[in-house]
């Protein structure tokens, strides 16, 4: 069951979601969380991961639009390496 004080995932910034996701990973890796809570935080972690991926994809598309040529005929994929 979700904590009523938890911020809705869709209202979180990328940084907030990533920080909470990292905390969830640490909790699960420690293995000291009871089964029911593990399932609940895993579900929230999955939602946070999807949210972060969507925010990154959106940022990537914005960068590609910026890189796109003035005439709109050339484009190159953004590289974050």
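In full-length UniProt numbering, the protein residues as written are 1 to 81. Note that the Cβ used here is the ideal one computed from N, Cα and C, for glycine as well. As the structure is a computational prediction, the values presented were derived from the model and not from experiment.
From which residue to which residue does the alpha helix (DSSP H) around residue 45 run?
Numbered from its first residue, the chain shown carries residue 45 at position 45. Per DSSP, residue 45 belongs to the alpha helix (DSSP H) from 35-67.
Between residue 55 and the rest of its own chain, which residues show a CB-CB distance below 6 angstroms, the 5 nearest in sequence each way excluded?
Residue 55 sits at position 55 when you count from the first residue of the chain shown. Residues 14 of the same chain have their beta carbon placed closer than 6 angstroms to that of residue 55, with the five preceding and five following residues left out of the count.
Measuring alpha carbon to alpha carbon, tell me which residue in 59, 49, 61 is nearest residue 10.
As a first step, residue 10 is located in the chain shown; it is residue number 10 there, counting from the start. Checked all of 59, 49, 61; the closest Cα to residue 10 is 49.
To the nearest whole angstrom, what separates the beta carbons of residue 19 and residue 52, a pair I think is in contact under 8 angstroms?
Taking the first residue of the chain shown as 1, we reach residue 19 at position 19. Taking the first residue of the chain shown as 1, we reach residue 52 at position 52. Going by Cβ atoms, the distance from residue 19 to residue 52 rounds to 10 angstroms, so no, they are not a contact pair.
Can you tell me whether residue 6 is helix, strand or coil according to DSSP?
Translated into the one-based positions of the chain shown, residue 6 becomes position 6. Note: residue 6 maps to coil in three-state DSSP.
Would you check if the distance between the CB atom of residue 45 and the CB atom of residue 24 is smaller than 7 angstroms?
Here residue 45 refers to the residue found at position 45 of the chain shown. Here residue 24 refers to the residue found at position 24 of the chain shown. Cβ atoms of residue 45 and residue 24: closer than 7 angstroms.
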